[in-house]
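Visitor: One structure, as C-alpha cells, below. Some questions next.
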Amino acid sequence: MFEVGVSSVGTVNVVTTNNIGLSIDHWAERVTNTIVSVADNSHPLIKEQAEAFKAQVLHASKYYMGEAIKSDRTTLIAQLESNGHKDMADILRRL
Amino acid sequence: MAISQAMATSFKVELLKGVHNFTADDDQFKLALYTSSASLGAGTTAYTSSNEVSGTNYTAKGAFLTSVTPTSSSTTAFTDFSDLTFSNATVTARGALIFNEVASGDPAVCVLDFGGDKTSTAGDFTVQFPTADASNAIIRIA
C-alpha cells in the first residue's frame, strides 16, 4: 500500500504597487534568493563564503538589471522618435 | 463565502490518474485571481469564473505560470513556479486558484489565500512563490 503522509500548499506572498512598477532592488533580491540559498545549519565557514557569494550575486544582478532597463529605454526612445513622437521620447529620456 | 487555502482533493485523485505533469516544458498551469466573495477550498474541482476579479490588464483565467520541474529532498517531493506579475494592473484580489489549463475541464490544483485583499493601482500585482524546498515549496507531498 502506498501512503502519502502529508500533502501541503506553501504560503505565497503578494506584493503590489500603485502608479509605479516594482524596483530593481525588489527583482534583484528575488533573483538572488532564487539562485542562492544558505542553510541555517551550514558550517560557519561555508555559510560565510555563501553569504559573500550571495552578496556578489545581488550586486551584479542590480547592476545588469539597471543596464538592461537603460538598453530597453534606448530602444523605446529610438522607436518613438522614428515614428514621429519626439515629445513622448523626451518624457522617457527624462525618467 | 470564503477562500480557504488548500490542495484540491480532486487534484490528489488526478495525480494518481496521471492527469497533471509539472515538468517544465510548456505552458500548462494558470493562476486566476478572485475577490473575497469567492467560495474556494479543498472542494474546488476546476476553474470557475464566479467571483473572478476584473480590472485593467487582467483577463479572465489569469495568466500562465512558469513551472519548475518537480524534485525531492529526503522523502518529500515538491514543485515550484516562478513569480507571476500582472503588470500595470488595477485589480483587487483576496486569493487565487492554480489550475491545469491543458487538461480537460481545467481541473484545480490548489487554492491560495492571500490573507486579505491585495490591491494594485496602475502598478504591479506580483504573486511570489515560497522557497522551493521540502519545508516551504508551493506544492509538497511527503
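Quick note, the sequences are listed as chains A and B, same order. Just so we're aligned, residue 10 is where the first sequence starts under my numbering, counting upward by one. Just so we're aligned, residue 5 is where the second sequence starts under my numbering, counting upward by one. Glycine included, every Cβ here is placed at the ideal spot set by N, Cα and C.
1) Assuming D128/B contacts T25/A under a Cβ cut-off of 8 Å, what Cβ separation, rounded to an integer in Å, is found between them?
2) Are the C-beta of D29/B and some C-beta of chain A separated by less than 8 Å?
3) What are the start and end residues of the alpha helix (DSSP H) that includes P53/A?
4) Which residues of chain B have a Cβ atom closer than 7 Å to the Cβ of N22/A, listed in chain order?
5) Can you tell which of N28/A, V45/A, A98/A has the C-alpha that lies nearest to the C-alpha of A64/A?
6) Ordered along the chain, which non-local residues of its own chain (more than five positions away) have a Cβ less than 7 Å from that of D110/B?
7) Kindly identify the DSSP beta-bridge partner or partners of Q32/B.
8) What residue from T123/B, E56/B, S139/B, L19/B has the CA that sits closest to S91/B's CA?
9) Can you have a look at D49/A and say buried or exposed, based on whether 16 or more other CB atoms are within 10 angstroms of its CB?
10) Mind listing the chain A neighbours of I7/B? Cutoff is C-beta to C-beta under 8 Å, in chain order.
11) Inspect the CB distances between the segment 55-64 of chain B and the segment 111-119 of chain B and report whether three or more fall short of 8 Å.
12) Closer than 8 Å, CB to CB, is F118/B near chain C or not?
13) Closest to D67/A by CA distance: which of I55/A, T84/A, M97/A, I33/A is it?
14) Who are the neighbours of N28/A on chain B, taking C-beta pairs under 8 Å?
15) Do R144/B and F85/B have their C-beta atoms within less than 8 Å of each other?
16) Within the 8 Å Cβ cut-off, does G75/A reach chain B?
17) How is E105/B classed by DSSP in three states: helix, strand or coil?
18) Kindly indicate if chain B contains any beta-carbon less than 8 Å away from that of R39/A.
Guide: Result, derived from the coordinates:
1) That pair is a contact at about 7 Å.
2) So, not an interface residue.
3) Looking at the DSSP string, the run of the alpha helix (DSSP H) that includes P53/A is 53-91.
4) Result: Q132.
5) Here the closest residue by C-alpha is V45/A.
6) Cβ neighbours of D110/B beyond the five flanking positions: A50, Y51, F103, N104.
7) Checking the DSSP bridge columns, you'll see Q32/B has no partner listed.
8) The shortest C-alpha separation from S91/B is found at T123/B.
9) By the 16-neighbour rule on beta-carbons within 10 angstroms, D49/A is exposed.
10) Simply none; closest approach about 12 Å.
11) No: the two stretches stay apart, fewer than three of their Cβ pairs being nearer than 8 Å.
12) In the displayed structure, chain C is absent; the protein chains listed are A and B.
13) The question names Asp, yet the displayed sequence has Leu at residue 67/A. Residue I33/A is the option with its Cα nearest to L67/A.
14) Under the 8 Å cutoff, chain B gives T125, A126, G127.
15) Their beta carbons are not under 8 Å apart, which means R144/B does not touch F85/B by this criterion.
16) For G75/A, the answer is no, since every Cβ of chain B falls outside 8 Å of its Cβ.
17) When DSSP states are grouped into helix, strand and coil, E105/B belongs to the coil group.
18) Residue-level contact by beta carbon holds for R39/A and chain B, with a gap shorter than 8 Å.
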